[in-house]
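Numbering (the numbering used here), first residue to last: -9 to 912. Ideal placement from N, C-alpha and C gives every residue a C-beta, glycine not left out. All values reported here derive from a predicted model rather than from experimental measurement. Have a look at the structure below, then the notes.
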Amino acid sequence: TSLCVCVLTGLSVYLCCSLQSVCLATIKSESRLKHLLQRLPGYCPESMLWMCINSTLPGVSRKSDGWVGLGCCELAISSECRRECKQASSKNDITKVCKKVTEVMGSTCCSYAGRHTTCREYCQAIFRTDSTPTVSQINAVKDYCQSHSAQLLGCVSNFTKSYPVRSPIDSLYCCDRAEAPHCQVACRRILRTMSTEHEIMEGLIKECGSQPLPQEPMWQCFLGSAHPPSPPEEEPPRPAKMDCAKLHCCAKANTSLCRDMCQEISTNWGSQTWQDFDQLCEYNPVETELINCLADVREPCQLGCKGLSYCTNFNNRPTELFRSCNVQSDQGAMNDIKLWSNGTIKNIPVLDIRKCLPDMWKAVACALQIKPCHSKSRGSVICKSDCVDILTQCGDRKRFLEGQTPERICELLSPIDDPERCIPLHKYLSPSSLGNSIVEEVIHPCNPNPCPSNHLCQVNRKGCLDEVSCQPYLCVPGCKLGEASEFLVQQDARIQVPTRSGSLGCYEVCSCGPSGRLENCAEMPCLDTDRACLVGGQRKSHGTTFRVDCHICSCFAGDAVCSTRECLSLSSSDEDRRHFTGLPCNCQDRFVPVCASNGRTYPSACVARCMGFKDHQFVFGQCRLTNPCAGKPCPRSQRCVPKYRVCLSDSSDCPQHECVGRPAACDRNSVEPACDTDGLVHPSLCHLQQAGKTLAYMGHCQDACRKPQQVCGHNGETYGTVCDAFSDRVAVDYEGYCHAVGAVSEGAPYSACSLVPCPPLSAPGCQPVTPPGACCPICASMLQILWNKEQMNTFSKLNRNQPVTVQDVLQILRLHVSVPQCDVFGYLSIDHELVVLIAPVDQQPTPLQIEACSKEAEKIDSLINYASPTLVSHVPLSAFLASEIKTSSIRSSGAEQASPPPRVLIPVLVLLVLMVSGLFRL
């Protein structure tokens, strides 16, 4: 059969003979054939060169410019191969010459990788002569080598410069040329959401109703230039490419030298400063916080490790954190062992590691590549005692430099010996003790990442209307944090990034736009990060967390921001202790609720006044039991819909309703099920409103929630059903109407909660936590977060005075929990701390699931306290100052075998909606 080439959408080339398209075998005009063949190197894989040689494609016959003519030679990727190809006299010659060119270039380029084995492996994959470099391979070289070798990237770029490493969104401008408006909209959506050329082609043909014909303006654009139109000449040159995620980290440098170099490599991608930075800062113990921050950006810690064929002892560990559990790192560890067999490791002479502690050396290689990380330190350093032991036994003392000893070497390479902050190798000398059946109790749908490079993977907590094709994950379009960054944030997210000037304390808030880039940036007032706080005669620098009595505090630009807990001091009298309630202003623990202007219910007017509300800023009664639409606040053309929320900003109003018109059309690709008061599920809230129905709660309709059964949430609100509480991201405290309040500070000797009948715990043997202000303990992990109201107000003002709410915070935090067996709930405590619960969703969670939720909580707690850009770059999470954590655990290993409790577990039932929705039956 003749070779046909379908030129599709300006994105790639397909080999096919079935579609009605441009078939080169039918082109009679030699000039037209040459024109198309000259364009094909921008799209064709190199393997097409060999296919062309063996085909009957016109132009293969002997011609004056070589035996394969212009045609086939133009299909080679590298320019050197194309040049040599035209001068070759036989098939053997061209094969020999092109493979030699590839091998020589590969050897030269990859030599720049130096000791970075993972970078070298990715580089070598580009130059394998029996395969074609894919877009993902080329992107992988950028990911793993950009911080190590600018020369390597330049060399690889020279080899692949004919190969278009382009994202579909680079062709968005062509959508504007479609004549039909619906085609323009569909075209943009398809290019943003679909990743393969086949999907894009079929989607465009289906939505726009036309074949890819050159006379159609849109198709002409796709089939024309492979690149977007050039900007006008008068446009100023683009600024240097930035990596705003890394730039976030530069403020953590302890030395001005490393800070300056960090800013240079973050604002001027491709600069040579990386070499000096690597040498002076990468292994500098005083720059641990900076290096860990950069590691968070490059390779965030993730739960779970599986699928490794060499480092098999790292498999089946679903509740441990790793930075780089993937096939490439697994291969890198094996290559390291081969390299170390030469007798030198990081310039340290060693004996034959194939005979001296080979299992230990394998654990070292795997640990350095797979990178286990602790939530407390986030570092990936081998423990000093292991380092000393292995070098004492296997170091080649005869070749040590003068003065070198195992102790001195390890003091530089592995100065930490705290098992909570370093990697103990003995842990990985044997396989995991967990069996496959137990491991499956906790899954990691986004590890490894199944999504395209310009999409984020998120756990699917929404469920699906079509369970046949339902996946436990979602791929959502994202934006890079800067032109040179590989760190993605989801579309429509609001992000805080350092300004381009790189000045410390100066930030701007941007949105992730449909174009896949940060846009609509607005500068924030710069912070004076040099101002220290004077506390008890001691200076505390910006960002420092400390305690004053029972308060947790943080220094923020010279101001000490502290929690407002009631403290019971050691010097308190017995009388004081007897009357201590643990509530703000030591108010009595009577439940006479009032609804304040921020949408929060407080247990009494005393507590509301103590938290700063004037009498005219609250009314008696629970917020959710009032009707915000009673006063008919909306125009006649719109419908009033209650929208209860608790606002963290007070620079604008906190309305508890919204006015909506009946939408003309709903986005059919947006699926977030909503249940109406008639018990019918709709694909989204938009569809529910379009049908003129009233929202009962978000999520699939549940049989258990068809009949009202009042429950009291941890936030002191009474909900009609557990599903209603779940929809508000609130876990349940006890059955029935809210009628009591618990202490928010420790040490309260008596509480009205003693009269509340608490349900049994979800897991026998669980050591629970009791959330502040709640009555009943719960088997979950809890974060108490200190936050900055001034920052919340700033974010509100920059967002057209839209209030920042507790629900906003919780929805973003949910994205950082990667285990679907755990979910996020929370509320604003009555003393204004953010309380976040990470709890198991199963009715009777296993010890492994409880441990996984604890690890997820520890991970988020660490990201907050270290101000990691992976978390605090998100607005409004960037207003978080400090976090305290309490985790649940199982007291005994056999507890999970105990018989289940006889009654329904209300604190857990609120968590079951995800499971009942069918998501976990996949």
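Query raised in the report: Can you list, in chain order, the residues of its chain whose CB lies under 7 angstroms from that of Leu559, leaving out five sequence neighbours each side?
Result: Within the sequence shown, the letter at position 569 stands for residue 559. One detail in the question is off: residue 559 reads as Ser in this sequence, not Leu. Around Ser559: Asp539.
Query - Other residues of its chain near Ser627: CB distance less than 8 angstroms, five sequence neighbours each side excluded - result: What you label residue 627 is simply residue 637 of the sequence shown in a count that begins at 1. Once the five neighbours on either side are set aside, the close Cβ partners of Ser627 are Gly651.
Query raised in the report: Is there contact between the region 863 to 870 and the region 764 to 783, where contact requires at least three CB pairs shorter than 8 angstroms?
Result: yes
Query raised in the report: How big is the Cα-Cα spacing for Ser786 and Ile433?
Result: Within the sequence shown, numbered from 1, the residue matching residue 786 stands at position 796. Within the sequence shown, numbered from 1, the residue matching residue 433 stands at position 443. Approximately 37 angstroms, taken between the alpha carbons.
Query raised in the report: Do three or more CB pairs link the region 241 to 253 to the region 266 to 276 at distances below 8 angstroms?
Result: Short answer: they touch.
Query - Exposure label - Leu455; buried when at least 16 CB within 10 Å - result: Position 465 of the sequence shown, counted from the first residue, corresponds to residue 455. By the neighbour-count rule (16 or more Cβ atoms within 10 Å), Leu455 is not buried but exposed.
Query raised in the report: What is the C-beta distance between Val701 and Gln774, in whole angstroms, given that I count them as a contact (C-beta under 8 angstroms)?
Result: Here the question's residue 701 lines up with position 711 in the sequence shown. Here the question's residue 774 lines up with position 784 in the sequence shown. About 23 angstroms; that fails the 8 angstroms criterion.
Query - Contiguous beta strand (DSSP E) assignments of at least 3 residues, all confined to the region 630 to 713 - result: Secondary structure remark: continuous beta strand (DSSP E) runs of at least 3 residues inside the region 630 to 713, in chain order: 647 to 650, 664 to 666, 685 to 688, 701 to 703.
Report task. May I have the straight-line CA-CA distance separating Pro623 from Leu670, to the nearest angstrom? Result -> Position 633 of the sequence shown, counted from the first residue, corresponds to residue 623. Position 680 of the sequence shown, counted from the first residue, corresponds to residue 670. Approximately 28 angstroms between the Cα atoms of the pair.
Query raised in the report: If you draw a straight line from the C-alpha of Lys849 to the C-alpha of Leu861, how long is it?
Result: Start at 1 with the first residue of the sequence shown, and residue 849 comes out as number 859. Start at 1 with the first residue of the sequence shown, and residue 861 comes out as number 871. Using only the alpha carbons, I get a separation of about 10 angstroms.
Query raised in the report: Residues in its own chain within less than 6 angstroms of Gly503 by CB, not counting five upstream and five downstream?
Result: Here the question's residue 503 lines up with position 513 in the sequence shown. Here the set comprises Glu509.
Requested in this report: Within the same chain, show all residues whose beta-carbon is closer than 6 angstroms to that of Cys596, passing over the 5 residues directly before and after it, in chain order.
Outcome: Counting from one through the sequence shown, the residue named residue 596 turns up at place 606. Only Cys577 meet the Cβ criterion.
**Report entry** Residue burial classification, Asn306 (beta-carbon count within 10 angstroms, cutoff 16)
**Finding:** Translated into the one-based positions of the sequence shown, residue 306 becomes position 316. Flag for Asn306 reads buried.
Query - Range of the contiguous beta strand (DSSP E) that encloses Ile875 - result: Stepping through the sequence shown from its first residue, residue 875 is reached at position 885. Note, Ile875: beta strand (DSSP E), 870 to 876.
Query - Residues bridged to Tyr592 [DSSP beta-bridge criterion] - result: On the sequence shown, position 602 is the one that residue 592 refers to. Its beta-bridge partners are Val584.
Query raised in the report: When the cut-off is 8 angstroms and only beta carbons count, does Thr535 lie next to chain D?
Result: In the structure shown, chain D does not exist; there is a single protein chain.
Query raised in the report: Under a three-way DSSP split, which group does Pro275 fall into?
Result: Within the sequence shown, numbered from 1, the residue matching residue 275 stands at position 285. Pro275: helix per DSSP, three-state reduction.
Report task. Could you tell me whether the Cβ atoms of Val146 and Cys113 are closer together than 8 angstroms? Result -> Position 156 of the sequence shown, counted from the first residue, corresponds to residue 146. Position 123 of the sequence shown, counted from the first residue, corresponds to residue 113. Yes, the Cβ-Cβ distance between Val146 and Cys113 is below 8 angstroms.
Query raised in the report: How is Cys447 classed by DSSP in three states: helix, strand or coil?
Result: Reading the sequence shown from its first residue, position 457 is the one you call residue 447. Strand at Cys447.
Report task. Could you check what DSSP says for Ala550 in three-state terms: helix, strand or coil? Result -> Within the sequence shown, residue 550 is the residue found at index 560, counting from 1. Ala550 falls in the strand class under three-state DSSP.
Query - For Val525, the three-state DSSP class (helix, strand or coil) - result: For the purposes of this step, residue 525 is taken as residue 535 along the sequence shown, with counting starting at 1. Strand.
Report task. Put Asn148 into one of helix, strand or coil per three-state DSSP. Result -> In the sequence shown, residue 148 corresponds to position 158, counting from 1. If DSSP states are grouped into helix, strand and coil, Asn148 belongs with the helices.
Report task. Out of Ala738, Cys756, Ala733, Thr760, point me to the one whose CA is closest to Ala721's CA. Result -> Residue 721 sits at position 731 when you count from the first residue of the sequence shown. That would be Thr760, whose Cα lies nearest to the Cα of Ala721.
Report task. Rank Gly706, Ile542, Arg484 by C-alpha distance to the C-alpha of Ser932 and give the top, closest one. Result -> There is simply no residue 932 to check, as the chain begins at -9 and stops at 912 in what is shown.
Query raised in the report: Would a C-beta distance cut-off of 8 angstroms place Thr309 and Leu293 closer than the cut-off?
Result: Here residue 309 refers to the residue found at position 319 when the sequence shown is read from its first residue. Here residue 293 refers to the residue found at position 303 when the sequence shown is read from its first residue. Closer than 8 angstroms, so yes.
Query raised in the report: To the nearest angstrom, how far is it from the Cα of Cys377 to the Cα of Arg288?
Result: By one-based count along the sequence shown, residue 377 stands at place 387. By one-based count along the sequence shown, residue 288 stands at place 298. Their backbone Cα atoms lie some 26 angstroms apart in a straight line.
Requested in this report: Drop a sphere of 10 angstroms on the beta-carbon of His416, count the other beta-carbons inside from all chains shown, and report buried for 16 or more, exposed for fewer.
Outcome: By 1-based counting over the sequence shown, the position of residue 416 is 426. By the neighbour-count rule (16 or more Cβ atoms within 10 Å), His416 is not buried but exposed.
Report task. For my contact list, Ile413 and Ile372 are in at a C-beta cut-off of 8 angstroms; report their separation, rounded to the angstrom. Result -> For the purposes of this step, residue 413 is taken as residue 423 along the sequence shown, with counting starting at 1. For the purposes of this step, residue 372 is taken as residue 382 along the sequence shown, with counting starting at 1. That belief holds up - the Cβ atoms of Ile413 and Ile372 are roughly 5 angstroms apart, short of 8 angstroms.
Query raised in the report: For Thr16, which three-state DSSP category applies?
Result: Here residue 16 refers to the residue found at position 26 when the sequence shown is read from its first residue. Residue confidence for Thr16 is low, a pLDDT of 43 falling below 50, so the modelled location carries little weight and cannot support an answer.
Report task. Kindly indicate the opening and closing residues of the beta strand (DSSP E) around Phe610. Result -> The residue given as residue 610 occupies position 620 in the sequence shown. First-last of the beta strand (DSSP E) with Phe610: 608 to 610.
Query - Cα-Cα separation, Ile875 to Asn855 - result: What you label residue 875 is simply residue 885 of the sequence shown in a count that begins at 1. What you label residue 855 is simply residue 865 of the sequence shown in a count that begins at 1. Roughly 11 angstroms separates the two Cα atoms.
Query raised in the report: Going by beta carbon distance, what residues of the same chain come within less than 6 angstroms of Cys165, once the five residues before and after it are set aside?
Result: The residue given as residue 165 occupies position 175 in the sequence shown. Excluding positions up to five away in sequence, the list reads Gln174, Cys177, Arg178.
Query raised in the report: What number of angstroms, rounded off, separates the C-alpha of Ala715 from the C-alpha of Cys695?
Result: Residue numbering aside, residue 715 sits at position 725 when the sequence shown is read from its first letter. Residue numbering aside, residue 695 sits at position 705 when the sequence shown is read from its first letter. Distance between the alpha carbons of Ala715 and Cys695 is about 11 angstroms.
Requested in this report: Under 7 angstroms Cβ to Cβ from Tyr497, same chain only, skipping five residues before and after it: list those, please.
Outcome: As a first step, residue 497 must be located in the sequence shown, where it is residue number 507. Gln486, Val487, Pro488, Thr489, Met514.
Query - Glu662 versus Leu494, Ser674, Cys637, Leu615, residue with shortest Cα-Cα distance - result: As a working mapping, residue 662 is identified with position 672 in the sequence shown. Looking from the CA of Glu662, the closest CA among Leu494, Ser674, Cys637, Leu615 belongs to Ser674.
Query raised in the report: From which residue to which residue does the alpha helix (DSSP H) around Met251 run?
Result: The residue labelled residue 251 in the question sits at position 261 within the sequence shown. Its alpha helix (DSSP H) spans residues 246 to 257.
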